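When we follow numbering that gives the first Met the number 0, the leftmost residue of the sequence shown carries the number 0, and every step to the right adds one. This report concerns only the one structure given below.
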Amino acid sequence: MNQRRTALITGASGAIGAACAYRLARQGWDLLLHYRTERDETLTKNCTDAGARVGWWQADLSEDDWTDSLRDQLKDSGEVTGIVHAAGNTGEGLIARVSDDQIDRTLAIHVRAAAIIVRECSRHLLRARFGRIVLIGSTVGLSGNAGQSIYAAAKMGQIGLVRAWTREMARRGITSNVVAPGWIETDMTVDILNRNRDALENEIPAARIGQPDDVAAAVAFLMTEEAGYISGQTLPVNGGLWMV
Ligand SMILES: NC(=O)c1ccc[n+]([C@@H]2O[C@H](COP(=O)([O-])OP(=O)(O)OC[C@H]3O[C@@H](n4cnc5c(N)ncnc54)[C@H](OP(=O)(O)O)[C@@H]3O)[C@@H](O)[C@H]2O)c1
């Protein structure tokens, strides 16, 4: 990259967000990393060693009180022209038992937060005439899954966001895409994988569970200058489990 650029990565305290951060640091991005519970100082060190300037921003994105703190953070962090939204929760259970609160929080983290973050960065993006937006969706948004109907709706909602943003902003050099992982080995999936690993590996054409860096590699490509003609798309990273 010729000039330094800053990427905001939500969920950088999680496995996929952290893998994206490290890839982007090595690709020449400075980073504004988001966490909810605890920042990852090993990640800070790795990214700093790779040459990135690193800042952190804390927010519970299922709440509705963090927009002002994001604005303050953006004032301090310089112009953000890359956004990777990797914060997320898991599914919620069968529809008969889903609470109002679970519905609200799941939609808030995946859809409301993505929309607010992009809105708050949009002035910079449009002025820069360059931007890379990647939302971490899910193969479940494409295939559906029992016990994850709100999660699936939220992930499909992200696909709607990037398609609409493409129509609004692609002419200004701003691309918007979803990367849709399948089974990836992280804290989010560890219990299910421990119980069902063999069955899942049999079902996946690539015959293995994905790693966070499998997702980060796709994200890092979509964040390059060279990926500037790819927008509004959903890229599954799932070993062939679900094909579009
Ligand atoms: N792992 C998979 O198989 C898989 C498959 C498809 C899609 N995905 C998607 O990939 C993304 C990353 O997941 P992951 O596998 O990396 O999981 P992870 O390691 O559990 O990380 C989840 C991240 O989301 C953050 N987060 C959770 N609830 C939040 C909230 N209410 N407000 C703000 N941040 C919150 C966590 O923050 P703290 O840790 O700081 O609390 C953490 O940074 C998610 O959107 C997930 O839906 C994952």
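Heads up, the beta-carbon is just placed ideally off N, CA and C, and yes, glycines get one too. Since this is a predicted model, take the numbers as computed values, not measurements.
Rounded C-alpha distance that separates residue i from residue j
i	j	result
residue 73	residue 67	10 Å
residue 53	residue 132	19 Å
residue 140	residue 56	28 Å
residue 96	residue 111	23 Å
residue 47	residue 91	36 Å
Proximity winner among the options, relative to residue i (alpha-carbon distances)
i	options	result
residue 200	233, 118 and 181	181
residue 226	39, 30 and 81	81
residue 164	96, 205 and 117	117
residue 63	27, 77 and 100	100
Residue i Cβ short of 7 Å to ligand 1 heavy atom set
i	result
residue 203	no
residue 238	no
residue 56	no
residue 195	no
residue 176	no
residue 213	no
residue 173	no
residue 245	There is no way to answer for residue 245, as the model of the chain reaches only from 0 to 243.
residue 111	no
Sequence-distant residues of its chain with Cβ nearer than 6 Å to residue i (five each side left out)
i	result
residue 172	128 and 129
residue 155	140
Short CB-CB distance (under 8 Å) between residue i and chain C
i	result
residue 47	Structure shown: chain C not included; a single protein chain is present.
Neighbourhood of residue i by C-beta, 8 Å cutoff - its chain only, sequence neighbours within 5 removed
i	result
residue 209	180, 181, 182, 183, 184, 236, 237 and 238
residue 153	105, 106, 108, 109, 110 and 140
For this session: Answer yes if the stretch 165–174 comes into contact with the stretch 115–127, meaning at least three C-beta pairs across the two stretches below 8 Å, and no otherwise.
Result: In this structure the stretch 115–127 lies against the stretch 165–174, because at least three pairs of beta carbons, one per stretch, are closer than 8 Å.
For this session: Inspect the CB distances between the stretch 187–194 and the stretch 143–161 and report whether three or more fall short of 8 Å.
Result: no
Exercise. Is it true that the stretch 35–46 meets the stretch 210–222, where meeting means three or more beta-carbon pairs spaced less than 8 Å apart?
Worked result: Cβ pair count under 8 Å is below three, so no.
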